[in-house]
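The block underneath contains the structure these notes are about, expressed in structure tokens.
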Amino acid sequence: MAYRPNTVKDVILAHRIRLDPTTAQEAQFACACGVARFAYNWGLAEWRRQYLSGGKPSDVALRKQLNAIKSEQFPWMREVTKSAPQQALKNLGRAYANFFEDLKKFRRGEIPWGTIRAPRFKKKDRHDAFRADNGTDKVHPHAVKTDGKRVKLPLIGWVAMREEVRFAGRILAVTVSRKADRWYASFSIEVDYQPDVRTDDSVVGVDLGVTSLATLSDCTPKIPAPKPLGRYLKKLRRLARALSRKQRGSRNRGKAKTKLARLHGHIANIRSDALHKLTTYLTRYRTIVIEDLNVAGMLANRRLSRAIADVGFFEFRRQLEYKSTMAGSSVIVADRWLASSKLCSTCASKNETLRLAERTWTCQPCGTSHDRDRNAALNLARYAESSPASACGAEGSNDRHQTVVKPAA
Ligand SMILES: [Zn+2]
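Under the numbering used here, the first residue of the sequence shown carries the number 7, and numbering increases by one thereafter.
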């Protein structure tokens, strides 16, 4: 089927590791997060001001502007790595770019108005993070480096990690973030690798679902959503209720808050684990066909299992794309107008009246009875045969840096 040259490529991989900072280091982390948040909020206020007075704000211009006034107006910013405020402004630029992209999609009628959200000010303790990077700085190319179970951060020094970095490659940047009372380092690592050469031409269609995590077009049993999730979600609601009853500013409220945040973290881990297992499993196929759920926006929440809905389709696709690039597989994203659920995979007639709640249905013209999910997966697998993308590798798989590394939340 597809031709894949056997050359060395590089991808950017992300690896998140729990940190064991000292009390002093934790204070430094908090300080850097504070600077990042301040820069983001400063940039957002500036952006709005410039926009309202007829200007054309951009994150590049804002970064220059901040650099020019930093030492005079915000001298305390120098106490933390200079990429903390810079990256915050880059993130702001990306948040605006996404916002404008969503507005365009809304105008084209692809997403409902309710899913569009303009960038907002960041609050303390929520999504605390800062980024230190090696960037293009040729003078200090080792601002960030690792040595076994330690990572060196600019101005902070060596910080203990729970495990070693799994990939050998060039560290581009590390994002330090807080979840509950724990700190994590997310590494972006550029890795050279030799893609596997595939001789098989196996094709699989993947239907992401509500009742099960995924259904494949072949005879593989449905992949169930992680079991403990439901139990923890119940516990989550209970803890959230308990928190709301605690008095503001009390010590008990603080404790309940930490408990809740820890459970959030635990649930996120279960979800991420299930997603990683699924995406790794799928790369055993040469060609993987998935639906385009990006544009479904709000709809995606109803269509997807809770395990994926929370992490998002974007993360599923990101993982699948980088893993399949490494495994020599390709990913095909089906046209978003393909009605994979409603088409009969036997005779191709369309069941216009099929509702989301109907898990099985019988095709009137040909009499085939369908499992809703399996039928959708079969239609997706069939899509690979008609798709021109299968002749030249997956969409985007030839890009040098096809993997977008999201900063740790
Ligand atoms: Zn039929």
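Glycine residues also receive a C-beta, built at the ideal position from the N, C-alpha and C atoms.
{"Query": "Backbone CA spacing between residue 94 and residue 220 [nearest angstrom]", "Result": "36 Å"}
{"Query": "Per DSSP, cross-strand counterpart(s) of residue 293", "Result": "209, 336"}
{"Query": "Nonlocal neighbours in the same chain, by C-beta distance under 8 Å from residue 304, ignoring five residues either side", "Result": "Note that residue 304 scores a pLDDT of 43, beneath 50, so its modelled location is shaky and nothing firm can be said."}
{"Query": "Same chain, Cβ closer than 7 Å to residue 343, five either side skipped, listed in chain order", "Result": "none"}
{"Query": "Classification of residue 176 by the beta-carbon crowding that lies within 10 angstroms, buried from 16 upward", "Result": "exposed"}
{"Query": "Residues sharing a beta bridge with residue 163, DSSP", "Result": "159"}
{"Query": "Continuous beta strand (DSSP E) stretch holding residue 178: start and end", "Result": "176 to 185"}
{"Query": "Beta-carbon proximity of residue 39 to residue 179, cut-off 8 Å", "Result": "no"}
{"Query": "Meets three-Cβ-pair contact criterion under 8 Å: the region 286 to 300 and the region 334 to 351", "Result": "yes"}
{"Query": "Rounded distance between the beta-carbons of residue 355 and residue 366, thought under 8 Å", "Result": "Actually they are not in contact, since the Cβ atoms of residue 366 and residue 355 sit about 17 Å apart, beyond 8 Å."}
{"Query": "Inter-residue Cα distance where the pair is residue 319 and residue 326", "Result": "10 Å"}
{"Query": "Rounded separation between residue 243 and residue 250 - CA only", "Result": "11 Å"}
{"Query": "Three-way DSSP call (helix, strand, coil) for residue 189 in this model", "Result": "strand"}
{"Query": "Per-residue burial, residue 77 [other beta carbons within 10 Å of its own, 16 or more giving buried]", "Result": "exposed"}
{"Query": "Rounded separation between residue 171 and residue 363 - CA only", "Result": "45 Å"}
{"Query": "Residue 375, enclosing beta strand (DSSP E) - first and last residue", "Result": "375 to 377"}
{"Query": "Residue 6, buried or exposed, once every other Cβ within 10 Å from all chains shown has been counted against 16", "Result": "Residue 6 lies beyond the stretch modelled for the chain, which goes from 7 to 415, so this question has no answer here."}
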